[in-house]
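Below is one structure, written out as structure tokens; comments come after it.
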Amino acid sequence: MRSQLDTQWQRLQTSPFRAKFRLNDKDRLYLENKGIAVILSHARDFIDRRLADAWPKNDGKQTPMRGHPVFVAQHATATCCRGCLAKWHAIPPDRYSANSSGAISCS
8 MRSQLDTQWQ RLQTSPFRAK FRLNDKDRLY LENKGIAVIL SHARDFIDRR LADAWPKNDG
68 KQTPMRGHPV FVAQHATATC CRGCLAKWHA IPPDRYSANS SGAISCS
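Structural data, given as structure tokens:
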């Protein structure tokens, strides 16, 4: 599993679009003030609400590009929409559930 993740991160880094996402000062401060446990809780909530459905409303547009560290991370890791989950992570819509893939997306 670890080598699969390493391979996936390397692949994501070759994408100019994915590689440009960085936390800004405001995101870093928010992360520092809230702590990683709270941010991971936010991430699970965002994923459950925005990606758990096989065909979410406005797929491809449901995750803002900025405004929360999780949003930036989702775009950087291609976990921002069902289309990216399928393309980059080979997670088809009919296989996803918050219980099975949410933990992977938040790790």
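Residue numbering for the sequence shown follows the working numbering, beginning at 8 and increasing consecutively.
The C-beta atom is built at its ideal place from N, Cα and C for all residues, glycine as well.
Every value quoted in this text rests on a predicted model; they were computed, and no experiment measured them.
The beta carbons of V79 and I46 sit no closer together than 8 Å.
E39 and R29 have their C-alpha atoms roughly 15 Å apart. Counting C-beta atoms within 10 angstroms of its own C-beta, T21 has fewer than 16 neighbours from the protein chains shown and is therefore classed as exposed. The beta carbon of Y37 is closer than 7 Å to those of P76 in its chain, skipping five residues each way along the sequence. In this structure, the alpha-carbon of K41 lies about 20 Å from that of M72. Residue range R89 to H96 is occupied by the alpha helix (DSSP H) that includes G90. L19 and L92 have their alpha carbons spaced roughly 12 Å apart.
In the three-state DSSP reduction, W16 falls in the helix class (H, G or I).
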